[in-house]
Amino acid sequence: KKTEYVDSIWDSNDDNMLRLFFGRKLYFLRQLDIELMKISHSKDIFDEDGNVKPGTRALEDIPLYEIRKYNPELEKTLRAKAFENAKDADGFYCCAGCGKKNRSKVYFQVDHIIPMNAGGKSVAENLQILCRQCNGVKGDR
Numbered sequence: 315k316k317t318e319y320v321d322s323i324w325d326s327n328d329d330n331m332l333r334l335f336f337g338r339k340l341y342f343l344r345q346l347d348i349e350l351m352k353i354s355h356s357k358d359i360f361d362e363d364g365n366v367k368p369g370t371r372a373l374e375d376i377p378l379y380e381i382r383k384y385n386p387e388l389e390k391t392l393r394a395k396a397f398e399n400a401k402d403a404d405g406f407y408c409c410a411g412c413g414k415k416n417r418s419k420v421y422f423q424v425d426h427i428i429p430m431n432a433g434g435k436s437v438a439e440n441l442q443i444l445c446r447q448c449n450g451v452k453g454d455r
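Here this note's numbering runs 314 ahead of the position in the sequence shown, where the first position is 1.
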């Protein structure tokens, strides 16, 4: 009966949304099995202690590109501060690595002095400007 019912849903002419969304019947059947398993075994499988628990992280603990998603103004402020700190008396931006200078921001990238994977934070004091070449060489070190 289940097979007949699922086939009737897939073959129904009034709603081609299933074909559009899943493409092939095989993908539809797999997703249907997953959803049925979630319903019938939710206590056994999906409520285990080892699952990821939602929570909050401080903005300083996430990279700049992610800060942009949640607080674009803070991200702009942090970038502007990093560029302002890298400006010399003549108005040139200076690479913290090699000392290369240019009036345009285009040639530089904001970099974490202490990388995030080593415990660095996305705060103004931990940001510097590097030319693209120096940033590429430094990587996440």
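We put the beta carbon where it would ideally sit given N, CA and C, even for glycine.
Checklist entry - What residues are listed by DSSP as bridge partners for Asn449? => result By 1-based counting over the sequence shown, the position of residue 449 is 135. Beta-bridge pairing links Asn449 to no other residue.
Item to check | Enclosing alpha helix (DSSP H) for Phe342 [first to last residue] | outcome: As a working note, residue 342 is residue 28 in the sequence shown. For Phe342, the enclosing alpha helix (DSSP H) starts and ends at Lys339 to Ser354.
Next on the checklist: If you reduce the DSSP assignment to three classes, tell me which class Lys315 lands in.
Outcome noted: The count along the sequence shown starts at 1 and reaches residue 315 at position 1. Here Lys315 carries a coil assignment [DSSP, helix/strand/coil].
Checklist entry - Can you name, in chain order, every residue of its own chain whose Cβ lies under 6 Å from the Cβ of Val424, other than the five neighbours on each side? => result Translated into positions along the sequence shown, residue 424 becomes position 110. Residues Arg393, Ala396 and Leu441 of the same chain have their beta carbon placed closer than 6 Å to that of Val424, with the five preceding and five following residues left out of the count.
Checklist entry - By DSSP, does Lys401 sit in helix, in strand, or in coil? => result Taking the first residue of the sequence shown as 1, we reach residue 401 at position 87. Of the three classes helix, strand and coil, the one that applies to Lys401 here is strand, per DSSP.
Checklist entry - Which whole-angstrom value describes the C-beta separation of Ser436 and Leu373, a residue pair presumed to lie in contact below a C-beta threshold of 8 Å? => result Walking along the sequence shown from the start, residue 436 turns up at place 122. Walking along the sequence shown from the start, residue 373 turns up at place 59. Confirmed, about 7 Å.
Item to check | Host alpha helix (DSSP H) of Phe336 (start-end) | outcome: The sequence position of residue 336 within the sequence shown is 22, counting from 1. Secondary structure note for Phe336: its alpha helix (DSSP H) is the uninterrupted segment Met331 to Phe336.
Checklist entry - Which residues in the same chain as Ala400 place their Cβ atom closer than 6 Å to its Cβ, once the five residues preceding and following it in sequence are excluded? => result Looking up residue 400 in the sequence shown gives position 86. For Ala400, where only same-chain residues beyond five positions count, the Cβ hits under 6 Å are Tyr407, Cys408 and Ile443.
Next on the checklist: Going by beta-carbon coordinates alone, are Lys419 and Cys445 separated by less than 8 Å?
Outcome noted: Counting from one through the sequence shown, the residue named residue 419 turns up at place 105. Counting from one through the sequence shown, the residue named residue 445 turns up at place 131. The answer is no: Cβ separation not under 8 Å.
Item to check | Coil, strand or helix - Asn416 by DSSP | outcome: As a first step, residue 416 must be located in the sequence shown, where it is residue number 102. The answer is strand: DSSP assigns Asn416 an E or B state.
Checklist entry - Can you list, in chain order, the residues of its chain whose CB lies under 7 Å from that of Ile465, leaving out five sequence neighbours each side? => result Nothing can be reported for residue 465: it is not among the residues displayed for the chain, which extend from 315 to 455.
Next on the checklist: Which residue wins for smallest C-alpha separation from Asp402, given the options Asn416, Ser354 and Lys352?
Outcome noted: Residue mapping note: residue 402 aligns to position 88 of the sequence shown, counting from 1. Checking every option, the nearest Cα to that of Asp402 belongs to Asn416.
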